[in-house]
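What follows is one structure encoded as structure tokens, with my remarks underneath.
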Amino acid sequence: MKVDPNDLRDIEVALGDRLFIQVASWRLYLGDAGIAKSLALECSAKFDQGPSVAARHGLETVQVQIAAGPTSLPLVQLIPSSQVIELEEILAPYCR
Numbered sequence: 002m003k004v005d006p007n008d009l010r011d012i013e014v015a016l017g018d019r020l021f022i023q024v025a026s027w028r029l030y031l032g033d034a035g036i037a038k039s040l041a042l043e044c045s046a047k048f049d050q051g052p053s054v055a056a057r058h059g060l061e062t063v064q065v066q067i068a069a070g071p072t073s074l075p076l077v078q079l080i081p082s083s084q085v086i087e088l089e090e091i092l093a094p095y096c097r
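Its first residue numbered 2, the sequence shown is counted upward by one per residue in my numbering.
Following this line, the structure appears as structure tokens:
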């Protein structure tokens, strides 16, 4: 499914402003972490399968490098479960 570039940019901004990685009590928003664009692109690849599948695909596919070293984790392991629901709500209007 081809996504309009303006829609993709809107999704990226929403993800960057509303979703965060949480480590202990610290929150790092995806826009500040530089992850929002990657997540938007990965999610858009599955828009035709609905917001839940698109969200899960994006969260499992995007890898977050830890401490500039060789270790990385899937984004799904770094965000609270409430953020998964938030992601699905952001994606819902774009899924057909």
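Using N, Cα and C, we set each Cβ at its ideal position, and we do this for glycine too.
Practice task
Just tell me which of ALA46, GLY17, LEU29, GLN50 has its CA closest to the CA of LEU88.
Solution key: Within the sequence shown, residue 88 is the residue found at index 87, counting from 1. Ranked by how close their Cα comes to the Cα of LEU88, the residues ALA46, GLY17, LEU29, GLN50 have GLY17 in first place.
Handout entry: Between the CA atoms of VAL63 and PRO71 - distance to the nearest angstrom
Key = The residue labelled residue 71 in the question sits at position 70 within the sequence shown. The residue labelled residue 63 in the question sits at position 62 within the sequence shown. Cα-Cα distance, rounded: 15 angstroms.
Exercise for the section: Go through its chain and collect everything with a Cβ distance to LYS47's Cβ below 6 angstroms, but skip five positions before and after it. Expected result: Locating residue 47 in the sequence shown gives position 46, counting from the first residue. The residues are VAL54, ALA55, HIS58.
Problem - Cut-off 7 angstroms between Cβ atoms - residues of its own chain near GLU1, not counting five sequence neighbours on either side - result: For residue 1 there is no data in the structure shown, the boundaries of the chain being 2 and 97.
Practice task
Excluding the 5 residues preceding and the 5 following GLY32 in the sequence, name in chain order all residues of the same chain whose CB lies nearer than 7 angstroms to its CB.
Solution key: In the sequence shown, counting from the first residue as 1, residue 32 sits at position 31. Hits under 7 angstroms: GLY17, ASP18.
Handout entry: Backbone CA spacing between GLY51 and CYS96 [nearest angstrom]
Key = The residue given as residue 51 occupies position 50 in the sequence shown. The residue given as residue 96 occupies position 95 in the sequence shown. Approximately 5 angstroms, taken between the alpha carbons.
Exercise for the section: Given a cut-off of 8 angstroms, decide if ALA34 and ILE12 are closer than it, judged by their beta-carbon atoms. Expected result: The residue given as residue 12 occupies position 11 in the sequence shown. The residue given as residue 34 occupies position 33 in the sequence shown. No, these two residues do not count as a Cβ contact at 8 angstroms.
Problem - Buried or exposed by the 16-neighbour rule on C-beta atoms within 10 Å, applied to ILE86 - result: For this step, residue 86 is matched to residue 85 along the sequence shown. Sixteen is the threshold: since fewer than 16 other Cβ atoms of the shown chains lie within 10 Å of the Cβ of ILE86, the residue is exposed.
Practice task
Measure the C-alpha to C-alpha separation of ILE91 and ALA68 and round it to an integer number of angstroms.
Solution key: What you label residue 91 is simply residue 90 of the sequence shown in a count that begins at 1. What you label residue 68 is simply residue 67 of the sequence shown in a count that begins at 1. Roughly 29 angstroms separates the two Cα atoms.
Exercise for the section: Measuring alpha carbon to alpha carbon, tell me which of PRO94, ILE80, ALA93 ends up nearest SER26. Expected result: The residue you call residue 26 lines up with position 25 of the sequence shown. When each option's Cα is compared against that of SER26, the closest is ILE80.
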